[in-house]
Amino acid sequence: MRRAVVLAGLLAPGAAHAADPLGALEVVDCLGARGWGQDPDQPAVSIDVHVYFNAQPGVVGAVGIPVHADLQRDDLCMQLGTCTHGFELALPLGVRDGAAHDVWAYGIDLEGVNNPLVGGPISVTCPAPPLVDGVRRWITAPAVLTAWGFDTFVDLARVDDTSLMALAQGTDWPLAPQLLTVDGSALWLVDGTQRRAIDSETALVWGLDPTLATVTPAAQIDAMPIGPQWRPQPFLAQGTLPEVYVIDALPCTGDACIDEGGTSGGGDDSGDDAADGSADDDTAASSGSESESESEGGEVGDTSTGSDTFGLPGATAEGGGNGDGSGCSCDAGVTPPRDVAWSCIAIIWIIARRRRG
53 MRRAVVLAGL
63 LAPGAAHAAD
73 PLGALEVVDC
83 LGARGWGQDP
93 DQPAVSIDVH
103 VYFNAQPGVV
113 GAVGIPVHAD
123 LQRDDLCMQL
133 GTCTHGFELA
143 LPLGVRDGAA
153 HDVWAYGIDL
163 EGVNNPLVGG
173 PISVTCPAPP
183 LVDGVRRWIT
193 APAVLTAWGF
203 DTFVDLARVD
213 DTSLMALAQG
223 TDWPLAPQLL
233 TVDGSALWLV
243 DGTQRRAIDS
253 ETALVWGLDP
263 TLATVTPAAQ
273 IDAMPIGPQW
283 RPQPFLAQGT
293 LPEVYVIDAL
303 PCTGDACIDE
313 GGTSGGGDDS
323 GDDAADGSAD
333 DDTAASSGSE
343 SESESEGGEV
353 GDTSTGSDTF
363 GLPGATAEGG
373 GNGDGSGCSC
383 DAGVTPPRDV
393 AWSCIAIIWI
403 IARRRRG
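Residues in the sequence shown are numbered from 53 upward in steps of one, following our numbering.
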């Protein structure tokens, strides 16, 4: 499962809790959330900040994403005495739906004593991201979503049916990632009969651990035809129908793939469209403040699926199916705006990888 690990800092034996974490949620716009956090009890140690969308901890609909506040911020050096306390979190695609979303940030105490609110609420309203070019590849089941660690709040864009259907449909998305290497340097993902180059940084963005790549004889890898280079990050798309797709690179073979830089696991991704959904959109933001702390020790949970089917043809947004027992037949009870076609996926809590934050 692709996710960011919440790093727990521990005080040295005998140290006493003196102060709650400090911090600020400085900016929330259509690019993301930015700010800083520090625990005065251990001023040189970077802490986690939990960013919550839609509601505060413990409230139905809240989605929490942890981010490690370890970015160099020269402007904080004088103020805090140390500099590595900044954080940046890319705006999840689930927030880019044209509706207003409130955002809060909580500083996570290194002792686990208290996780105070350090910023928010800030309200952000962003349009749906432009649909990236490529082909749409159907995610055939919830198990595929889980195997790849896709995060439906972070990765899934709601798009109009016309634009989505205008993309050619490719083969179904692979059931699970299969990462190969010869010597631990060049990396390849198996996609059907093809091998596709992916660099180690991109692998991490996709939640893949390069050190766990299967060591494979060079002759076996070389025997596989080269496919397009792997895209820099996931971009899932859904219209008003239940089907969910990964928008993938256009197919290529032979020299066309080599021209894209697909012969090395260390190549860049210049041949692909940016799939981060960021654009020069206008942002409507308003801010407020509250003196609260994150409940339950700042825990965040997993994206979960609530059905054995996933966008099967013939399924309807209201449940039911195509009359033969297939399709989506669950009822989530409460259907938020633009989410009716996702009634079989229960999005509860998220631990997101810095894959994206």
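The beta-carbon is built from N, C-alpha and C at its ideal position, and this holds for glycine as well.
Quantities reported herein were computed from a predicted structural model and do not represent experimental measurements.
Whole angstroms is fine: what's the gap from residue i's alpha carbon to residue j's?
| i | j | result |
| --- | --- | --- |
| G87 | L77 | 5 Å |
| I99 | R247 | 39 Å |
| D154 | R148 | 12 Å |
| P269 | A289 | 36 Å |
| M217 | D127 | 47 Å |
| D161 | V101 | 9 Å |
| P73 | E253 | 31 Å |
| G222 | I191 | 11 Å |
| G172 | Q285 | 28 Å |
| A70 | P95 | 12 Å |
| F105 | E140 | 15 Å |
| A107 | R210 | 21 Å |
| P182 | I299 | 12 Å |
| T387 | T292 | Caution applies to T387, whose pLDDT of 28 falls short of 50 and renders its modelled position unreliable; the model cannot decide the point. |
Determine the closest residue to residue i out of the options, with distance taken between C-alpha atoms.
| i | options | result |
| --- | --- | --- |
| L239 | L256, V187 and V165 | L256 |
| D243 | T305, V267 and L216 | T305 |
| D91 | H137, D126, V119 and V79 | H137 |
| A199 | P173, L231, G171 and R188 | L231 |
| V234 | D274, A121, I117 and A209 | D274 |
| C178 | D207, A151, G133 and V165 | A151 |
| H120 | D207, V97 and M276 | V97 |
| P118 | W156, G146 and D93 | W156 |
| D486 | V187, V184, P144 and A265 | No answer is possible for residue 486: the residues shown for the chain start at 53 and end at 409. |
Using the DSSP secondary-structure output, state which residues sit across from residue i in a beta bridge.
| i | result |
| --- | --- |
| A249 | W240 |
| D154 | S175 |
| R210 | Q290 |
| A142 | G84 |
In the DSSP assignment, find the beta strand (DSSP E) that holds residue i and state where it starts and stops.
| i | result |
| --- | --- |
| I99 | I99 to F105 |
| Q131 | Segment D126 to L132 is the alpha helix (DSSP H) holding Q131; no beta strand (DSSP E) there. |
| W190 | V187 to W190 |
| I299 | Y297 to D300 |
| T233 | L231 to T233 |
What residue range is occupied by the uninterrupted alpha helix (DSSP H) comprising residue i?
| i | result |
| --- | --- |
| P194 | P194 to W200 |
| A271 | A270 to D274 |
Could you check how far apart the C-beta atoms of residue i and residue j are, in whole angstroms? I think they sit under 8 Å.
| i | j | result |
| --- | --- | --- |
| R159 | V170 | The sequence as given places Gly at residue 159; Arg does not occur at that position. Their Cβ separation, rounded to whole angstroms, is 5 Å, which keeps G159 and V170 in contact under 8 Å. |
| W225 | I250 | Rounded, the Cβ-Cβ distance is 15 Å, inconsistent with contact. |
| F202 | V115 | The pair is not a contact, with the Cβ atoms about 15 Å apart (cut-off 8 Å). |
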